[in-house]
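Going letter by letter, the sequence shown gives residues 5 to 278 in our numbering.
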Amino acid sequence: MDILGAGSALISKGDTYPPSIHPSDHYFDWMRGRVLDEFQLLLITKGSGTIETEATDSFTITAPIVFLLYPGVWHRYRPSQDTGWHEHWIAFRGTFADELLRSGLISPEKPFHKTGHSETLLAQVQLIQDEVRAEAHGYRSIAAAALMQILALAITLPQRREEENQPMRKVIRRACFLMRERSDRPLMPEELAAELNIGYTYFRRMFRKFTGISPNRYHAQLRLRRVKRLLRDTSNSIVEIADVLGFNSPYHLSNWFKKETGRSPQHWRKDPQY
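Right under this line is the structure:
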């Protein structure tokens with residue numbers, strides 16, 4: 005599998021689409037659409053929109069959902085002006101994807117995969133984005149392995165969403181998903197509970213029941229894992245890591261990291277320990 009690029013974009017309601025940061029060689033407008041010579045996977049984690057391809061009618065899609073674009077197949081898509089959306093994308097090609105296509109496990113006629121709020125899937129998408137951004141030694145192999153898992157999850161998750169009959173489990177799973185998606189910034193659990201339309205005291209109690217730890221601790225652990233991965237697997241400076249993960253300054257990151265681990269980021273990088 006060859007990862008050609010990866011990224012994300014938060015499109016607010018009413019924004020122009022595609023955004024100005026869209027790669028120039030992949031730019032398109034709604035009237036003409038576009039044809040690619042590669043596969044693309046898009047994970048929409050928030051919002052809704054429309055997609056139309058040569059192989060399908062025009063469909064309205066609502067997050068969370070994965071859709072695949074196929075080489076040589078005309079397509080066009082855009083978020084709703086009323087909601088915008090948050091998209092994560094991965095461009096790729098390779099024999100693994102070709103084999104899935106030949107076997108019928110993926111198909112241009114069925115480009116949508118209703119994955120639900122899968123934290124596992126989102127974690128692999130974030131891993132690819134981090135690896136592509138850092139371009140550390142061996143990143144292509146790590147990203148390719150993660151993409152294989154993403155495709156496997158996209159195929160199987162729609163059949164494994166047992167949480168539909170367990171409303172509170174579904175809420176907690178969505179909370180975990182949102183915390184992972186926002187692990188690149190500070191988060192207030194009270195605001196998350198309000199977003200999920202649940203009282204914070206009850207949310208905190210049920211979150212601990214299902215995960216064994218508090219929402220604050222869960223989010224802190226997610227952020228710590230990302231910092232450690234960037235320290236271990238990339239040559240990014242403390243300044244760059246602080247910027248990527250939404251810390252106020254490298255000093256803020258260093259103090260927080262030492263409080264969490266008992267060691268400074270610089271010392272941990274020299275002798276990584278989990």
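Ideal Cβ placement from N, Cα and C applies to all residues, glycine included.
Requested in this report: Tell me, to the nearest whole angstrom, how far the beta carbon of G98 is from that of L161; I am working on the premise that it is less than 8 angstroms.
Outcome: Wrong, their Cβ atoms sit about 22 angstroms apart, outside the cutoff.
Query raised in the report: Alpha carbon to alpha carbon, what distance is there between H117 and G203?
Result: 31 angstroms
Query raised in the report: With DSSP run on the structure shown, which of helix, strand or coil describes Y74?
Result: coil
**Report entry** Straight-line Cα distance separating R106 from L191
**Finding:** 43 angstroms
Query - Through-space distance from S111 to F63, alpha-carbon basis - result: 16 angstroms
Query - CB-CB length for R236 against P219, believed under 8 angstroms - result: Contact flag wrong, Cβ pair sits at about 26 angstroms.
Query raised in the report: Beta carbon of V70, beta carbon of L46: below 8 angstroms?
Result: yes
Report task. Measure how close the beta-carbons of H79 and T49 come, nearest whole angstrom, since I'm counting them as under 8 angstroms. Result -> Contact doesn't hold; Cβ gap of about 20 angstroms is too wide.
Query raised in the report: Using the C-alpha atoms, what's the distance from L126 back to I280?
Result: With the chain covering 5 to 278 only, the question about residue 280 has no answer from this structure.
Query raised in the report: Can the beta-carbon of I154 be found less than 8 angstroms from the beta-carbon of Q130?
Result: no
**Report entry** Cross-strand partners of H92 (DSSP beta bridge)
**Finding:** S12, L47
Report task. Could you check how far apart the C-beta atoms of L72 and P115 are, in whole angstroms? I think they sit under 8 angstroms. Result -> 5 angstroms
**Report entry** P83 - partner residues in DSSP beta bridges
**Finding:** G53
Query - Residue interval of the alpha helix (DSSP H) (run including T64) - result: Taken as a continuous stretch (DSSP letters only), T64 belongs to no alpha helix (DSSP H), being part of the beta strand (DSSP E) at 63-66.
Requested in this report: Just list the alpha helix (DSSP H) runs in the segment 167-236, keeping only unbroken ones of 4 residues or longer that don't cross its boundaries, in chain order.
Outcome: 171-185, 193-199, 204-215
Requested in this report: Kindly indicate which three-state DSSP category I242 falls into: helix, strand or coil?
Outcome: helix
Query raised in the report: Taking I132 as the reference, which of E195, G51, R233 has the closest Cα?
Result: R233
Report task. Counting only the same chain and skipping the five closest in sequence on each side, list residues whose C-beta sits under 7 angstroms from that of D3. Result -> No answer is possible for residue 3: the residues shown for the chain start at 5 and end at 278.
Requested in this report: State yes or no: is the C-beta of T238 within less than 8 angstroms of the C-beta of A140?
Outcome: yes
Query raised in the report: Given E185, which residues of its chain have a CB within under 7 angstroms of its CB, disregarding the five upstream and five downstream residues?
Result: T49, L126
Requested in this report: Inspect the beta-carbon positions of G51 and P23 and report whether they are closer than 8 angstroms.
Outcome: no
Query raised in the report: For Y222, is the classification buried or exposed, using 16 other Cβ atoms within 10 angstroms of its Cβ as the cut-off for buried?
Result: buried
Query - DSSP state of K17 mapped onto helix, strand, coil - result: coil
Query raised in the report: What are the boundary residues of the alpha helix (DSSP H) that Q163 is part of?
Result: No alpha helix (DSSP H) holds Q163; DSSP gives it neither H nor E.
**Report entry** D102 - DSSP class collapsed to helix/strand/coil
**Finding:** helix
Report task. Report the option in W89, A10, A95, A67 whose CA atom is closest to the CA atom of F43. Result -> A95
Requested in this report: Ignore the nearest five residues each way along the sequence and tell me which others in E167's own chain have a CB closer than 8 angstroms to its CB.
Outcome: Caution is warranted here: a pLDDT of 48 is assigned to E167, below 50, making its placement in the model unreliable, and the coordinate value is therefore given only provisionally. The residues are G120, R173, K174, R177.
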